[in-house]
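Engineer: For reference, each letter of the sequence shown is one residue, going 1 to 274 in the UniProt record's numbering. Cβ coordinates follow ideal geometry from the N, Cα and C atoms, glycine included. Since the structure is predicted, the reported quantities are computational estimates derived from the model, not experimental observations.
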Amino acid sequence: MTFEPMTTDTAALHMVQLFLDPRRLVQLGKMMKLPLRSTDTNYLVHCALGELFGDDAPKPFFVDDDPRPVEETGDRDRFVRVLGYAEMPDEDLEAEARLCPNPTIHSMCDWDRFDSSDMPRRLAVDRCLEFHLRCCPIVRKGSAGQGKNAEGEVRTWREGQELDAFLSAAWEAGPDAEIDRESAYVDWLKHQFDVRGGAEIESAGVERFSIERMTRRTQSNGDGERTAKTIKRPDVTLRGVLRVTDAEEFNHLLRSGIGRHKSFGFGMLKIRRA
């Protein structure tokens, strides 16, 4: 089942669709000196969008493909399909990309298939929509502490440490509590909406789950050098039905995305008629 953009006459936010050449993505990774064997397509897409469109790059975005090393993708597929939200329509974004000084980067996009559609600026309160979300459900611990896992082993965490939302809930509750992964992730999503506003979850479930290794560039050091860092995080796809409670706040949700690590293709809330 595909999620198509819902159009309106008011051009406030655009869903863009573009197709990137995976071989060019590999070239970009080499130019950036990234470890290609451990760098997945999602992060390469993030880098490519930034190089093509600068500050106007579509974000959040969604890669219509399972994460995998770019070296594998380059041999198997001609193009990688990407969806994203942008404040510019496709013709303005394409004009921005023409300012890219590197022909290799500019040619990675199939411009003949580059397209966009207006998203609704305001949706009626109480409107129900089906949603699809690839997210990274983690929590940042407000203080140091400890708990126990399912085997009764002590687990500790530092202040500010990021933890899988399921592990955080399970360790705090202890081995005698019955906490399942799906419930923990759905609760995490409900909390995101409680904090951000804009909509409430009517129903939700986990469609896909994995633990992924994600490699990204670190911030520049004093010498201007940037190194690659690999982290492990939950990769969860949630699907369900939401109800709009505030049109303006919901529009902001679409623009900003949900959760952390959006540079890995997490956080784009795709919607369709319920």
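Run through the region 132-219 for me and flag every whole alpha helix (DSSP H) of 4 or more residues, listed as ranges in chain order.
Structural biologist: Runs of the alpha helix (DSSP H) inside the region 132-219: 165-173 and 181-196.
Engineer: Compute the beta-carbon to beta-carbon distance between valine 244 and alanine 274, rounded to the nearest angstrom, for a pair I have assumed lies under 8 Å.
Structural biologist: Numbered from 1 along the sequence shown, position 244 holds the residue referred to as residue 244. Numbered from 1 along the sequence shown, position 274 holds the residue referred to as residue 274. No, valine 244 and alanine 274 are not in contact; Cβ-Cβ is about 11 Å, not under 8 Å.
Engineer: How many angstroms separate the CA atom of aspartate 75 from the CA atom of valine 63?
Structural biologist: As a working note, residue 75 is residue 75 in the sequence shown. As a working note, residue 63 is residue 63 in the sequence shown. Low confidence applies here, because aspartate 75 scores a pLDDT of 49, under 50, leaving its location unreliable; read the following figure in that light. Going by the C-alpha atoms only, they are around 17 Å apart.
Engineer: If distances are taken between C-alpha atoms only, which option among Ala86, Gly145, Asp92 and Glu51 comes closest to proline 101?
Structural biologist: Within the sequence shown, the letter at position 101 stands for residue 101. Of the listed residues, the one whose Cα sits closest to proline 101 is Glu51.
Engineer: Return the Cβ separation of leucine 163 and valine 139 in integer angstroms, given the expectation that the two are a contact with Cβ distance under 8 Å.
Structural biologist: Taking the sequence shown and counting its residues from 1, one reaches residue 163 at position 163. Taking the sequence shown and counting its residues from 1, one reaches residue 139 at position 139. About 6 Å; that satisfies the 8 Å criterion.
Engineer: Would you mind reading off the limits of the beta strand (DSSP E) that contains phenylalanine 61?
Structural biologist: Within the sequence shown, the letter at position 61 stands for residue 61. 61-63 is the extent of the beta strand (DSSP E) around phenylalanine 61.
Engineer: Below 7 Å CB to CB, which residues in the same chain sit around phenylalanine 193 once its five sequence neighbours on both sides are set aside?
Structural biologist: Along the sequence shown, read from residue 1 onward, the residue named residue 193 stands at position 193. Only Ala199, Glu200 and Ile201 meet the Cβ criterion.
Engineer: Can you give me the C-alpha to C-alpha distance between valine 236 and glutamate 207, rounded to a whole angstrom?
Structural biologist: Residue 236 sits at position 236 when you count from the first residue of the sequence shown. Residue 207 sits at position 207 when you count from the first residue of the sequence shown. Between valine 236 and glutamate 207, the C-alpha separation is close to 8 Å.
Engineer: Alpha carbons only, please: which of Gly160, Ala144 and Leu167 is nearest the one belonging to glutamate 153?
Structural biologist: Sequence index remark: in the sequence shown, residue 153 carries index 153 (1-based). Answer by Cα proximity: Leu167.
Engineer: Buried or exposed: methionine 31, going by 16 or more other Cβ atoms within 10 Å of its Cβ?
Structural biologist: Sequence index remark: in the sequence shown, residue 31 carries index 31 (1-based). It counts as exposed.
Engineer: Can you tell me whether phenylalanine 19 is helix, strand or coil according to DSSP?
Structural biologist: The sequence position of residue 19 within the sequence shown is 19, counting from 1. Residue state, collapsed to three classes: strand.
Engineer: If you reduce the DSSP assignment to three classes, tell me which class serine 107 lands in.
Structural biologist: If you number the sequence shown from 1, residue 107 lands on position 107. Correct three-state label for serine 107: coil.
Engineer: First and last residue of the alpha helix (DSSP H) that includes alanine 97?
Structural biologist: Counting from 1 along the sequence shown, the entry for residue 97 is found at position 97. 90-97 is the extent of the alpha helix (DSSP H) around alanine 97.
Engineer: Short of 7 Å in beta carbon distance, which residues of its chain neighbour alanine 173, apart from the five on each side in sequence? Order them along the chain.
Structural biologist: For this step, residue 173 is matched to residue 173 along the sequence shown. Ile179, listed in sequence order.
Engineer: Look at the alpha carbon of proline 103 and the alpha carbon of arginine 181, and state the distance between them as a whole number of angstroms.
Structural biologist: Within the sequence shown, numbered from 1, the residue matching residue 103 stands at position 103. Within the sequence shown, numbered from 1, the residue matching residue 181 stands at position 181. Rounded to whole angstroms, proline 103 to arginine 181 spans 46 Å at the Cα level.
Engineer: Could you tell me the boundaries of the alpha helix (DSSP H) in which alanine 247 lies?
Structural biologist: If you number the sequence shown from 1, residue 247 lands on position 247. Here the alpha helix (DSSP H) through alanine 247 covers 247-256.
Engineer: Cβ of phenylalanine 61 within 7 Å of any heavy atom in the ligand NAD?
Structural biologist: This structure lacks the ligand NAD; in fact it carries no ligand of any kind.
Engineer: Under the DSSP definition of a beta bridge, which residues are partnered with arginine 272?
Structural biologist: Here residue 272 refers to the residue found at position 272 of the sequence shown. DSSP output for arginine 272 lists Glu130 as bridge partner(s).
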